[in-house]
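A short write-up of the structure that comes next.
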Amino acid sequence: MLKIVETEQPDKYTMVISIIYGDEEIASGKVYLADEQEAKIFRQKLKKKVKEGDPYSVKITFKSEELARKHMEETRRIVSEKYSQVDAKHIFLLVERNGRLEKVSG
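Printed below as a string of structure tokens:
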């Protein structure tokens, strides 16, 4: 069973999270929160009900390719549940390959 732990909030518009499986951290990530200007753009151009401080994007980086493949779907599900206002296409699951962050495919 995976769980999300919000570890810190380094600034007003970013939250740092960890994805925990059992006692082990398998991934870490950031939740991006809308500032006043972004919220205005969401409302006007995209017709979405977003206000300042609402989450709009999540980036998760897995510790390894193996963990990413094994927990990808459940991670996507729990992130969608916890941050339900984030559109599914703005949940990015990443893994480091050859020194670069790349989307997890599976």
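The letter at position 54 of the sequence shown is residue 53 when you use numbering that gives the first Met the number 0, and the numbering goes up by one with no holes. For glycine and all other residues, C-beta sits at the position ideal for the given N, C-alpha and C.
So what's residue i in DSSP terms, helix, strand or just coil?
i: A26; result: strand
i: E101; result: strand
i: K2; result: strand
i: K109; result: A query on residue 109 cannot be resolved here, the shown segment of the chain reaching from 0 to 105 and no further.
Using a Cβ-Cβ distance cut-off of 7 Å, determine whether residue i contacts chain B.
i: K47; result: Among the chains of the structure shown, chain B does not appear; only one protein chain is present.
Which first and last residues belong to the alpha helix (DSSP H) in which residue i is found?
i: M71; result: E64 to K81
Which residue comes first and which comes last in the beta strand (DSSP E) that contains residue i?
i: E51; result: Looking at the DSSP string, E51 is not in any beta strand (DSSP E), and its letter there is neither H nor E.
Per DSSP, residue i is paired with what?
i: D10; result: T13
i: F61; result: A26 and V94
Out of curiosity, what's the CA-to-CA distance linking residue i and residue j?
i: L1; j: E73; result: 7 Å
i: V15; j: S79; result: 16 Å
i: Q36; j: P54; result: 14 Å
i: K69; j: K58; result: 18 Å
Would you check whether the ligand PLP has a heavy atom nearer than 6 Å to the C-beta of residue i?
i: I77; result: With respect to small molecules bound, the structure shown includes none, and the ligand PLP cannot be examined in it.
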